[in-house]
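> Numbering (full-length UniProt numbering), first residue to last: 1 to 713.
From the three backbone atoms N, C-alpha and C, an ideal C-beta is built for every residue, glycine too.
Quick caveat: nothing in here was measured; it's all calculated off a predicted structure.
Quick one: the structure is below, and I'll ask about it shortly.
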Ligand SMILES: Nc1ncnc2c1ncn2[C@@H]1O[C@H](COP(=O)(O)OP(=O)(O)OP(=O)(O)O)[C@@H](O)[C@H]1O
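Now the structure itself:
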């Protein structure tokens, strides 16, 4: 039995109903009738634990008012089904899904097919609530109330504004219902229902009157305890997006693309940083510093010994004083086959006339000799540079035989039909151009139609046999080169050769030409230091060439870190010096990757904000739906905490779903990319974290914040 009493009901000092008691028995139909506006709905709401005016509420010896809020919700879950005047259904679930949800949540075992037939629900099963008439909705709500399988059923005007056909189904249904030992309370104006009443209350003149009572002493239906399972609700929450509008679906698609793009761009920004730092590593922190001829500033350093002026001791000191400069070491670079560098004061013959053909050979362990390169041209394109004694070049060396000697570039050995290992214990025999003089009067370049004389190094070709110390990974040995066939000679070896052949005195050479009408009588004579008295009359042209003992024209300058390169370069330029432009190129790459990074960072940021904005708008749009689901669950008897847990779990699942979709999409892009060889990239685990992070904001944090906002409204 349910014993219930309420105090005077007033709204804004407007008196509605005087205080009264009610006793409601199981297995009976308790009817509440009265005029419209007399307070029937208000009373029913009190019976569903709204408790604004309730004085006492005892059900089966349980004092409901002494229960905590959560216990009251549990009570509703276990014992009470309420069908309001306007039935509450979830817009995105079909009637069949509603039925399935109730059966699952309340593990109903009652004979629901019978009620389903009585209420004519079969043909409505595939419909959504919005497709139903009011009568149909009421019938569905009644069936759901039965499926909740509780011992108290409260119905507010079940037949109000229904046609006869709908109403009759409900009458038949009510006849069945009352035979099951349930407490059934119905508010109605409908005479057809009123006459079925076992107990009838009427509200008249603002008083509740017990008009009629015919108690049967029937026992209450045995209550079966229902297990509350919040996991089961999840499935039905997933149906909520069945009905998403087209634009919501488009926004979802766009946000997935945005998240993938955002992730990729963050990753590429990472690659750009890697490229940047690896190119910074590649540039090492050294550069070749030289002073170009005054008239030919643009002449770049090509290792040909042409166009660079030796540096004075004070200039070298000044370089050493530049902040961040660690060391300044002279170097020597030359091109084999640059026969101009062989012009010496003593002879003006070409290389081939003087020394025969330029040769490079290798001599193996058994003293077998082989021409080193395949063609004469390749030998003429061979470059020699020096490397420093005692310095670690491990980054550039592929195979080190750990002995004094020359390192060969990778290009140079790759044309050879020998494995790299086979170069061990092999010697190379070449003619090294040993520098002895520099002079400025035999070479020139034309700039703006003016001939600008260039400083030229003059060399003596010296045949040497040197062990091969190792093979390089590429062609560079610390400083970068644009040439392929490189031989790197230890600087002390070169220094010994230079000391052996060096000149200590300057020499002036006069080149005297006699051009006549008969070419066979033409001649060239050379005069050293002084010209004969009558020379100017005898010769048609005389050139004076001033040979100075050789001094280094290039230096390897080492800077403490690549990031200070530009600073040092600036100071060198201010001193009128140049540095090999390979650095400038790398610097440009580095700058380029930095701007690429900046661009990617900005676009990522904008894409990120766009996603958040789009999703926020979308979720705001869904706000009412989100709130309705919460109140629906609470009306079913879930406590606030349970609803929060259900919702959190639901958002967690959506987050995981989004993260998995985006990760799969991203992985697919990577796979296609790798397959097509567009970019040398791989799928980084950190991308998953980025995706999870964005997915959590989008599918967890934003919805929770919006719902929270709704609760405060
Ligand atoms: N929350 C409220 N605030 C102010 N007045 C209210 C509130 N709820 C109900 N009322 C008023 O109380 C009176 C009783 O309303 P109630 O809905 O309970 O009547 P009813 O008998 O169910 O009417 P009907 O048969 O038309 O549904 C009405 O005058 C209504 O305007």
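1) Below 6 Å, is the gap between the Cβ of residue 41 and the nearest heavy atom of ligand 1?
2) Rounded to whole angstroms, what is the Cα-Cα separation between residue 693 and residue 254?
3) Compute the minimum distance between the beta carbon of residue 181 and the heavy atoms of ligand 1, and state whether it is under 6 Å.
4) Just checking my contact of residue 20 with residue 6 at CB under 8 Å: how many whole Å lie between their CB atoms?
5) Near residue 380, which residues of its chain fall below 6 Å by C-beta distance, leaving aside the five closest residues on each side in sequence?
6) Between which two residues does the beta strand (DSSP E) carrying residue 418 extend?
7) I believe residue 173 touches residue 115 by the beta-carbon criterion, under 8 Å. Please report the beta-carbon distance rounded to the nearest angstrom.
8) Quick one: residues in its chain with C-beta nearer than 8 Å to the C-beta of residue 209, no 5 flanking neighbours on either side, listed in chain order?
9) Verify whether the separation of the beta carbon atoms of residue 85 and residue 156 is less than 7 Å.
10) Return the residue from the list 199, 146, 530 that minimises the CA-CA distance to residue 177.
11) In whole angstroms, what is the alpha-carbon distance linking residue 376 and residue 359?
12) Per DSSP, residue 313 forms a beta bridge with which residues?
13) With a CB to CB cut of under 6 Å and the five nearest residues on each side skipped, what residues in its chain are close to residue 725?
14) Does the count of Cβ pairs from the stretch 473 to 483 and the stretch 498 to 505 closer than 8 Å reach three?
15) Going by DSSP in three states, residue 352 sits in which element: helix, strand or coil?
16) In its own chain, which residues sit with a C-beta less than 6 Å from the C-beta of residue 510, not counting the 5 before and 5 after it?
17) Confirm the yes/no value for this check: CB of residue 787, any heavy atom of ligand 1, distance under 6 Å.
18) In or out: residue 698 buried (at least 16 other Cβ within 10 Å) or exposed?
19) How is residue 198 classed by DSSP in three states: helix, strand or coil?
20) With the cut-off set at 7 Å, would you say residue 433 and residue 459 are in Cβ contact?
21) Residue 695: buried (16+ other C-beta within 10 angstroms of its C-beta) or exposed?
22) Our contact map puts residue 540 next to residue 515 with C-beta atoms below 8 Å; I'd like the distance itself, whole angstroms only.
23) What beta strand (DSSP E) runs, 3 residues minimum, are completely inside the stretch 414 to 470?
24) If the criterion is Cβ atoms closer than 7 Å, does the pair residue 332 and residue 386 meet it?
25) Give every residue of the same chain whose Cβ lies closer than 6 Å to the Cβ of residue 59, excluding the five residues on either side of it in the sequence, and list them in chain order.
26) If you draw a straight line from the C-alpha of residue 352 to the C-alpha of residue 670, how long is it?
27) Sorry if obvious, but does the Cβ on residue 608 come closer than 6 Å to a heavy atom of ligand 1?
28) What I want to know is whether the C-beta of residue 161 ends up closer than 6 Å to one or more non-hydrogen atoms of ligand 1.
29) Is it buried or exposed, residue 245, if we count other Cβ atoms within 10 angstroms and call 16 or more buried?
30) Span of the beta strand (DSSP E) holding residue 184?
31) May I have a chain-ordered list of the beta strand (DSSP E) segments no shorter than 3 residues that lie completely inside the stretch 135 to 180?
32) Report the CB separation of residue 691 from residue 263 in whole angstroms; it is logged as a contact under 8 Å.
33) Find the nearest neighbour of residue 322 within the set 488, 134, 567, judged by alpha-carbon distance.
34) Starting from residue 236, follow its DSSP beta bridges and name the residues at the other end.
35) Relative to ligand 1, is the shortest distance from any of its heavy atoms to the C-beta of residue 6 smaller than 6 Å?
36) Assuming residue 580 and residue 288 form a contact by the criterion Cβ under 8 Å, report the distance between their Cβ atoms to the nearest whole angstrom.
For this structure:
1) For the purposes of this step, residue 41 is taken as residue 41 along the chain shown, with counting starting at 1. Checking every heavy atom of ligand 1 against the Cβ of residue 41, one is found closer than 6 Å.
2) As a working note, residue 693 is residue 693 in the chain shown. As a working note, residue 254 is residue 254 in the chain shown. Computed Cα separation, rounded: 18 Å.
3) By 1-based counting over the chain shown, the position of residue 181 is 181. Answer for residue 181: no, Cβ out of range of ligand 1.
4) Locating residue 20 in the chain shown gives position 20, where the first residue counts as 1. Locating residue 6 in the chain shown gives position 6, where the first residue counts as 1. Sure, about 7 Å apart at Cβ, within 8 Å.
5) Your numbering for residue 380 matches position 380 in the chain shown. Closer than 6 Å at Cβ, skipping near neighbours: 337.
6) Locating residue 418 in the chain shown gives position 418, counting from the first residue. Element bounds for residue 418: n/a, residue is neither H nor E.
7) By 1-based counting over the chain shown, the position of residue 173 is 173. By 1-based counting over the chain shown, the position of residue 115 is 115. About 6 Å; that satisfies the 8 Å criterion.
8) Reading the chain shown from its first residue, position 209 is the one you call residue 209. Result list for residue 209: 201, 202, 203, in chain order.
9) Translated into positions along the chain shown, residue 85 becomes position 85. Translated into positions along the chain shown, residue 156 becomes position 156. Contact flag set, yes.
10) The count along the chain shown starts at 1 and reaches residue 177 at position 177. Comparing Cα positions, the closest option is 146.
11) What you label residue 376 is simply residue 376 of the chain shown in a count that begins at 1. What you label residue 359 is simply residue 359 of the chain shown in a count that begins at 1. Distance between the alpha carbons of residue 376 and residue 359 is about 8 Å.
12) Locating residue 313 in the chain shown gives position 313, where the first residue counts as 1. The partner list for residue 313 (beta bridge, DSSP) is empty, contrary to what the question assumes.
13) Residue 725 lies beyond the stretch modelled for the chain, which goes from 1 to 713, so this question has no answer here.
14) no
15) As a first step, residue 352 must be located in the chain shown, where it is residue number 352. Residue confidence for residue 352 is low, a pLDDT of 49 falling below 50, so the modelled location carries little weight and cannot support an answer.
16) Along the chain shown, one-based indexing puts residue 510 at 510. Answer for residue 510: 527, 531, 542, 544, listed in chain order.
17) Coverage of the chain is limited to positions 1 through 713, which leaves residue 787 absent and any answer about it impossible.
18) Residue 698 sits at position 698 when you count from the first residue of the chain shown. When all chains shown are included, residue 698 counts as buried.
19) Against the chain shown, residue 198 aligns to sequence position 198. It is coil, neither helix nor strand.
20) Counting from 1 along the chain shown, the entry for residue 433 is found at position 433. Counting from 1 along the chain shown, the entry for residue 459 is found at position 459. Yes, they are a contact pair.
21) Within the chain shown, the letter at position 695 stands for residue 695. Looking at its Cβ environment, which holds 16 or more other Cβ atoms inside 10 Å, residue 695 is buried.
22) As a position in the chain shown, residue 540 is number 540, starting the count at 1. As a position in the chain shown, residue 515 is number 515, starting the count at 1. The Cβ separation is near 5 Å, so the contact holds.
23) 427 to 447
24) Counted from its first residue, the chain shown places residue 332 at position 332. Counted from its first residue, the chain shown places residue 386 at position 386. For residue 332 and residue 386, yes; Cβs fall inside 7 Å.
25) Within the chain shown, numbered from 1, the residue matching residue 59 stands at position 59. Only 2 meet the Cβ criterion.
26) The residue labelled residue 352 in the question sits at position 352 within the chain shown. The residue labelled residue 670 in the question sits at position 670 within the chain shown. Confidence at residue 352 is low in this model, with a pLDDT of 49, below 50, so its placement is unreliable and the value that follows should be read with caution. Near 58 Å, if we compare the C-alpha coordinates of residue 670 and residue 352.
27) As a position in the chain shown, residue 608 is number 608, starting the count at 1. Outside the cutoff, so no.
28) Here the question's residue 161 lines up with position 161 in the chain shown. No - ligand 1 has no heavy atom lying nearer than 6 Å to the Cβ of residue 161.
29) Sequence index remark: in the chain shown, residue 245 carries index 245 (1-based). It counts as exposed.
30) As a first step, residue 184 must be located in the chain shown, where it is residue number 184. 183 to 187 is the span of the beta strand (DSSP E), which, as asked, contains residue 184.
31) For secondary structure counted as the beta strand (DSSP E) over 3 or more consecutive residues, the stretch 135 to 180 holds these complete runs in sequence order: 152 to 156.
32) For the purposes of this step, residue 691 is taken as residue 691 along the chain shown, with counting starting at 1. For the purposes of this step, residue 263 is taken as residue 263 along the chain shown, with counting starting at 1. Right, their Cβ atoms sit about 5 Å apart.
33) Here residue 322 refers to the residue found at position 322 when the chain shown is read from its first residue. That would be 567, whose Cα lies nearest to the Cα of residue 322.
34) As a working note, residue 236 is residue 236 in the chain shown. Looking at the DSSP assignment, residue 236 forms no beta bridge with any residue, so it has no partner.
35) Numbered from 1 along the chain shown, position 6 holds the residue referred to as residue 6. Outside the cutoff, so no.
36) One-based indexing of the chain shown puts residue 580 at position 580. One-based indexing of the chain shown puts residue 288 at position 288. Rounded, the Cβ-Cβ distance is 4 Å, consistent with contact.
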